[in-house]
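For the numbering used here, add 441 to where a residue sits in the sequence shown, where the first one is 1. Please read the structure below before turning to the comments.
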Amino acid sequence: SITGTDQIRFDGEVIRCAGFESESIKYQLSAEEETLLNFLDEIEEDDIFFDIGAHIGIYSIIASRKSKEIHSFEPHGGNYVRLNENIQKNGIDTIFTHNVALGNEAKSARGMSGGAVFKIADTTDTTDAGVRIENGDEYRERMDIPVQSVIKIDVEGFEHNVISGLRDTLQNSRCRARF
442 SITGTDQIRF DGEVIRCAGF ESESIKYQLS AEEETLLNFL DEIEEDDIFF
492 DIGAHIGIYS IIASRKSKEI HSFEPHGGNY VRLNENIQKN GIDTIFTHNV
542 ALGNEAKSAR GMSGGAVFKI ADTTDTTDAG VRIENGDEYR ERMDIPVQSV
592 IKIDVEGFEH NVISGLRDTL QNSRCRARF
């Protein structure tokens, strides 16, 4: 378990995170500030938000200020643990986490890590344990997750598979904003 908590300010709000992650988070918040502010402007009180490639939860935590329900998808085991710890450190109960990658078919795959980047690998030359990939539309229906209003996809080269697997969901009129 992670010890120590740093507090980082973003748009007048405090985000709590594990101390060793604070510099990485500060960098992400400054590098993506305009995108994050535009994203926050799009979220409405009754929205359901999908954070696909949630990493350690920055977008999910920021969205929790306004969105009524958040589903964070993160296949990397270490990031998934930190995602849940950061949610707990911020006292948020509207974020539901899923330790799965969304794609266009259900299968197992291997992952590859490089610094802060985790990719689904097309090769057997991998450094991480396997990940579970689920067809996005089928997983959402099976888990009885409502169609999202706002979606963020950040999956390091796997975007085509995610979009392909969420075809029906993305075409639903309730899905109005995509990042």
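For each residue, glycine too, the CB sits at the ideal point set by N, CA and C.
Grab me the residues of residue i's own chain with a C-beta within less than 6 Å of its C-beta, minus the 5 sequence neighbours each way, in chain order.
i, result
"serine 508", "Ile484, Asp488, Phe490"
"arginine 457", "Thr446, Gln448, Lys530, Asn531"
"proline 587", "Ile489"
Give the secondary structure of residue i by DSSP, where H, G and I count as helix, E and B as strand, and everything else as coil.
i, result
"glutamate 582", "helix"
"arginine 450", "strand"
"aspartate 609", "helix"
"arginine 615", "coil"
"phenylalanine 491", "strand"
"threonine 565", "With a pLDDT of only 48 at threonine 565, under 50, the local geometry of the prediction cannot be trusted, and no value is derived from it."
"histidine 517", "coil"
"threonine 535", "coil"
"valine 558", "With a pLDDT of 47 at valine 558, under the threshold of 50, the modelled position of this residue cannot be trusted; read the value that follows with caution. Correct three-state label for valine 558: strand."
"alanine 472", "helix"
Here's a check: name, in chain order, each residue in its chain whose Cβ is nearer than 7 Å to the Cβ of residue i, leaving out the five neighbours to either side.
i, result
"glycine 497", "The amino acid occupying residue 497 in the given sequence is isoleucine; glycine does not appear at that position. Closer than 7 Å at the Cβ level, and outside the excluded window around isoleucine 497, lie Glu462, Asn520, Arg523, Leu524, Asn527."
"valine 596", "Ile493, Gly494, Val603"
"glycine 571", "Ser549, Ala550, Arg551"
"arginine 619", "Ile592"
"aspartate 578", "Gly606, Leu607, Arg608, Asp609, Thr610"
"arginine 615", "Val588, Ser590"
Going by C-alpha to C-alpha distance, which of the options sits closest to residue i?
i, options, result
"isoleucine 574", "Tyr468, Glu474, Glu600", "Glu600"
"arginine 581", "Arg608, Glu597, Gly453", "Arg608"
"glutamine 612", "Ile594, Gly598, Ser590", "Ser590"
"lysine 583", "Gly598, Ser614, Ile594, Ala547", "Note that residue 583 is arginine in the sequence shown, not lysine. Answer by Cα proximity: Ala547."
"arginine 617", "Phe514, Thr538, Phe480", "Phe480"
Is the beta carbon of residue j closer than 8 Å to that of residue i?
i, j, result
"isoleucine 499", "glutamine 469", "yes"
"glycine 606", "glycine 544", "yes"
"histidine 408", "serine 505", "Because the chain is modelled from 442 through 620, residue 408 falls outside the range shown and cannot be assessed."
In chain order, what residues of the same chain have a beta carbon less than 8 Å from the beta carbon of residue i, not counting five sequence neighbours either side?
i, result
"isoleucine 502", "Ile456, Asn527, Ile528, Asn531, Ile533, Ile536"
"lysine 467", "Ile449"
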